[in-house]
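Colleague: Numbering (our numbering), first residue to last: 66 to 721. Here a beta-carbon is modelled for each residue, glycine too, at the ideal position from N, C-alpha and C. Quick one: structure below, then a few questions.
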């Protein structure tokens, strides 16, 4: 049974329950299988705890070839040499989706002959551009369109906006959401949710409906971007063109009417001089430019109602920002990774600006003082090499996201307290004095909407006990961490963890270090209900036992210890941990190991972690005799190899 929308879930679920109650105990082996394109629907259709959701994976490269070749050449063994490269490129665009493979293969094959090599290349170039007009492809787009027409209106608009980006583009999640905000695609919700948070829900719903593909960070498994499958992009581009929603210049204009949104993508040689002078910019609300089409960028003064200007990743070179002040309606200014040396002072005249992104421009050393006039600014991103912020930044009271603050200025740290709407910020302290720490904690207390805080302190083992004792994080805090793998160090666990860890119901990412991790500390940390990533550091450490009743959601666990101490995982501990990194020593004697319930010196129990996929253990020679470390390494490798699904593992001896 195919379930295409949530409106059928209730009936589906009750039907499942009635059927299963009749068939579960009989001997006929009856089963009810529900298929759906929507992840949340699949979970709602489960009628008992024994039900399972099977996530369909794309076909492998070999299986894709077999399916493709069988349809085109009537056999699975391969294709003529002259078609090998182009068929490989076509299959890459199909992304392992059987419907796409069969559809494209059907275009290339007929009952009697295989289309010519040139026709294959024409089809290859058209995939992902919405330009294919074959009936088989139209049938595939019709099938895909069911998912589009099932969307609410606001999600349809957000999905069509993806046609602004070229095929195979990795679209940054936050950038996309802020562009939606600037275009007023985000519908206001409750007073408790910001526009960006609502936009995150939109993004997640498009992922949930399999219309965009999430891109995960390799280190922590966080979704930071998305891609659009070429077949879905075909549909989006076709619909966008029909609605005159986005006009794409990728060799020639795809729209000759009133241009509302303009995407300058690539230049094909025979169209390198495609004129834009004849195209009116009077109604253009968004323009996004991608290399090498920056040379076709119209004068900024030609835009009258522009809300979104995205030049990110374009080498601006001689293309200056003259006329920027004329863009009085501008909400989003994306200049990330453009090679800019400085931001013009006239940026302060953009009174409606909500997002200013000049990140990854390492030559920008300071921001113009006029930035403080941007009272509607909600997001300010710049490179950590920009060490100077203008005075008066506390006037930016609409600010929600602020990156790479250089926190050496006491006045800047104090002014941060005026930004009561801040959800996310990063700050770096070169030297943390008591006065600076007190001012920082006082500012933090004023920020009740914080969700993500990243702190870096240049100073070995600097303790932040004021932060641990005088600040109670808001319950919506999701991330508290240092830059990269840095931790925030305390003499002991902060009071807000010792008091009632379950109150931090949304904290999912924590980098924390204490002088000495006690067994009781593990019990407290293990009670953080939403914790997914834990980076834990200990200067001194005794034996640590990870029991079965804690850390239920942790998927990534990192333990850094500066002293010898055995680490043992009981059966059932860290049930969802996929990646574990441990840098530690070992007890120097059997007697010390026996202190851990008589445990074996070399038995860590790491093989008890059921979801483990990647493990890296470093036994430090400065903390343990090398002979013992080698024995421990051998024992650990044996235990990991004995697992039914052996994880990828590295066990090393050395380091300090």
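Using DSSP with H/G/I as helix, E/B as strand and the rest coil, what is residue 585?
Modeller: Walking along the chain shown from the start, residue 585 turns up at place 520. Helix at residue 585.
Colleague: Taking residue 428 and residue 461 to be in contact with their CB atoms under 8 Å, please state how far apart those CB atoms are, rounded to whole angstroms.
Modeller: As a position in the chain shown, residue 428 is number 363, starting the count at 1. As a position in the chain shown, residue 461 is number 396, starting the count at 1. With 8 Å as the limit, residue 428 and residue 461 do not qualify as a contact, their Cβ atoms being about 24 Å apart.
Colleague: When you compare the CB positions of residue 313 and residue 228, do they come within less than 8 Å of one another, or not?
Modeller: On the chain shown, residue 313 is found 248 positions in, with the first residue counted as 1. On the chain shown, residue 228 is found 163 positions in, with the first residue counted as 1. Yes, these two residues count as a Cβ contact at 8 Å.
Colleague: Report yes or no: do three or more beta-carbon pairs, one from the region 557-574 and one from the region 637-646, lie closer than 8 Å?
Modeller: No, the region 557-574 does not touch the region 637-646.
Colleague: On the CB-based measure, 16 or more other CB atoms within 10 Å of its CB, does residue 512 come out buried or exposed?
Modeller: On the chain shown, residue 512 is found 447 positions in, with the first residue counted as 1. Its Cβ being crowded by 16 or more others within 10 Å, residue 512 is buried.
Colleague: Looking at the secondary structure, which residues open and close the beta strand (DSSP E) in which residue 723 lies?
Modeller: This structure cannot speak to residue 723, because the chain is shown only from 66 to 721.
Colleague: Looking at the unbroken beta strand (DSSP E) that takes in residue 278, where does it start and where does it end?
Modeller: Residue numbering aside, residue 278 sits at position 213 when the chain shown is read from its first letter. 278-281 is the extent of the beta strand (DSSP E) around residue 278.
Colleague: If distances are taken between C-alpha atoms only, which option among 604, 259 and 576 comes closest to residue 619?
Modeller: Taking the chain shown and counting its residues from 1, the one referred to as residue 619 is at position 554. Among 604, 259 and 576, the Cα nearest to that of residue 619 belongs to 576.
Colleague: Residue 607: which of 621, 587, 617 and 597 sits nearest, CA to CA?
Modeller: Numbered from 1 along the chain shown, position 542 holds the residue referred to as residue 607. Cα-wise, what sits closest to residue 607 is 587.
Colleague: In chain order, what residues of the same chain have a beta carbon less than 8 Å from the beta carbon of residue 679, not counting five sequence neighbours either side?
Modeller: As a working mapping, residue 679 is identified with position 614 in the chain shown. Same-chain partners within the cutoff: 643, 644, 645, 712, 713 and 714.
Colleague: Is it true that the CB of residue 232 sits closer than 8 Å to the CB of residue 295?
Modeller: Numbered from its first residue, the chain shown carries residue 295 at position 230. Numbered from its first residue, the chain shown carries residue 232 at position 167. Against a cut-off of 8 Å, the Cβ pair of residue 232 and residue 295 comes out as a contact.
Colleague: Compare the C-alpha of residue 223 against each of 186, 181, 264 and 602 and name the closest.
Modeller: The residue given as residue 223 occupies position 158 in the chain shown. Of the candidates 186, 181, 264 and 602, the one whose C-alpha sits nearest the C-alpha of residue 223 is 264.
Colleague: If you reduce the DSSP assignment to three classes, tell me which class residue 207 lands in.
Modeller: Indexing the chain shown from 1 puts residue 207 at position 142. Helix, per DSSP.
Colleague: Do the region 268-275 and the region 489-499 meet, that is, are 3 or more Cβ pairs less than 8 Å apart?
Modeller: No: the two stretches stay apart, fewer than three of their Cβ pairs being nearer than 8 Å.
Colleague: Just tell me which of 303, 348, 360 and 308 has its CA closest to the CA of residue 783.
Modeller: Residue 783 is absent from the structure shown; the chain starts at 66 and stops at 721.
Colleague: Hey, residue 732 and residue 297 are a contact pair by Cβ (cut 8 Å); roughly how many whole angstroms apart?
Modeller: Residue 732 lies beyond the range of the chain shown here (66 to 721); nothing can be said about it.
Colleague: State the CB to CB distance for the pair residue 408 and residue 423, rounded to an integer number of angstroms; the pair is presumed to be in contact (CB under 8 Å).
Modeller: Numbered from its first residue, the chain shown carries residue 408 at position 343. Numbered from its first residue, the chain shown carries residue 423 at position 358. 6 Å between Cβ atoms; contact.
Colleague: For residue 567, which residues from the same chain have a beta carbon less than 7 Å from its beta carbon, with the 5 sequence-adjacent residues on both sides left out?
Modeller: The count along the chain shown starts at 1 and reaches residue 567 at position 502. Hits under 7 Å: 592 and 594.
Colleague: What residue range is occupied by the uninterrupted beta strand (DSSP E) comprising residue 328?
Modeller: Translated into the one-based positions of the chain shown, residue 328 becomes position 263. Its beta strand (DSSP E) spans residues 326-329.
Colleague: On the premise that residue 247 lies in contact with residue 420, defined as a C-beta separation below 8 Å, what is that separation, rounded to the nearest angstrom?
Modeller: Here residue 420 corresponds to residue number 355 of the chain shown, with the count starting at 1. Here residue 247 corresponds to residue number 182 of the chain shown, with the count starting at 1. Residue 420 to residue 247, Cβ: 6 Å. Contact.
Colleague: Starting from residue 521, trace the beta strand (DSSP E) in both directions and tell me its first and last residue.
Modeller: Taking the first residue of the chain shown as position 1, residue 521 is located at position 456. Looking at the DSSP string, the run of the beta strand (DSSP E) that includes residue 521 is 517-522.
Colleague: DSSP beta-bridge partners for residue 374?
Modeller: The residue labelled residue 374 in the question sits at position 309 within the chain shown. Note: residue 374 sits in a beta bridge opposite 352 and 398.
Colleague: Note down, in chain order, each residue of its chain lying with its Cβ closer than 6 Å to the Cβ of residue 260, except the 5 sequence neighbours on either side.
Modeller: Here residue 260 corresponds to residue number 195 of the chain shown, with the count starting at 1. 246 and 251, listed in sequence order.
Colleague: Straight-line CA distance for residue 415 to residue 368?
Modeller: Counting from 1 along the chain shown, the entry for residue 415 is found at position 350. Counting from 1 along the chain shown, the entry for residue 368 is found at position 303. Going from the Cα of residue 415 to the Cα of residue 368 covers about 14 Å.
Colleague: Leaving out five residues before and five after residue 556 in sequence, what residues of the same chain have Cβ atoms less than 6 Å from its Cβ?
Modeller: By one-based count along the chain shown, residue 556 stands at place 491. Excluding positions up to five away in sequence, the list reads 528, 530 and 580.
Colleague: If contacts are defined as beta-carbon pairs under 8 Å, then residue 410 and residue 435 qualify, I think. What distance do you get, rounded to the angstrom?
Modeller: Within the chain shown, numbered from 1, the residue matching residue 410 stands at position 345. Within the chain shown, numbered from 1, the residue matching residue 435 stands at position 370. Residue 410 to residue 435, Cβ: 5 Å. Contact.
Colleague: For residue 615, count neighbouring Cβ atoms within 10 angstroms of its own Cβ and tell me buried if that reaches 16, exposed if not.
Modeller: Position 550 of the chain shown, counting from 1, holds the residue named residue 615. Classification for residue 615: buried.
Colleague: Do you know offhand how far residue 237's Cα is from residue 160's?
Modeller: In the chain shown, residue 237 corresponds to position 172, counting from 1. In the chain shown, residue 160 corresponds to position 95, counting from 1. When rounded, the distance between both Cα atoms is 20 Å.
Colleague: May I have the straight-line CA-CA distance separating residue 150 from residue 129, to the nearest angstrom?
Modeller: If you number the chain shown from 1, residue 150 lands on position 85. If you number the chain shown from 1, residue 129 lands on position 64. So the alpha carbons of these two residues sit roughly 14 Å apart.
Colleague: Near residue 446, which residues of its chain fall below 6 Å by C-beta distance, leaving aside the five closest residues on each side in sequence?
Modeller: In the chain shown, counting from the first residue as 1, residue 446 sits at position 381. Cβ within range, chain order: 422, 424 and 468.
Colleague: Within 7 Å: the Cβ of residue 274 and any heavy atom of the ligand MN?
Modeller: With respect to small molecules bound, the structure shown includes none, and the ligand MN cannot be examined in it.
Colleague: Determine, using beta carbons only, whether residue 516 and residue 542 come nearer to each other than 8 Å.
Modeller: Counted from its first residue, the chain shown places residue 516 at position 451. Counted from its first residue, the chain shown places residue 542 at position 477. Yes.
Colleague: Whole-angstrom Cβ separation of residue 98 and residue 133, contact assumed at under 8 Å?
Modeller: The residue given as residue 98 occupies position 33 in the chain shown. The residue given as residue 133 occupies position 68 in the chain shown. Not quite, the Cβ-Cβ distance comes to about 27 Å (not below 8 Å), so this is no contact.
Colleague: Note down the Cα distance separating residue 500 from residue 277, rounded to an integer number of angstroms.
Modeller: The residue labelled residue 500 in the question sits at position 435 within the chain shown. The residue labelled residue 277 in the question sits at position 212 within the chain shown. Residue 500 and residue 277: Cα-Cα distance of roughly 48 Å.
Colleague: Considering only the beta carbon of each residue, do residue 299 and residue 206 sit closer than 8 Å?
Modeller: Here residue 299 is taken as the residue at index 234 of the chain shown, counted from 1. Here residue 206 is taken as the residue at index 141 of the chain shown, counted from 1. Yes, these two residues count as a Cβ contact at 8 Å.
Colleague: So is residue 235 buried or exposed if we call it buried at 16+ other beta carbons inside 10 Å?
Modeller: Locating residue 235 in the chain shown gives position 170, counting from the first residue. The residue in question, residue 235, is exposed, as its Cβ has fewer than 16 Cβ neighbours within 10 Å.
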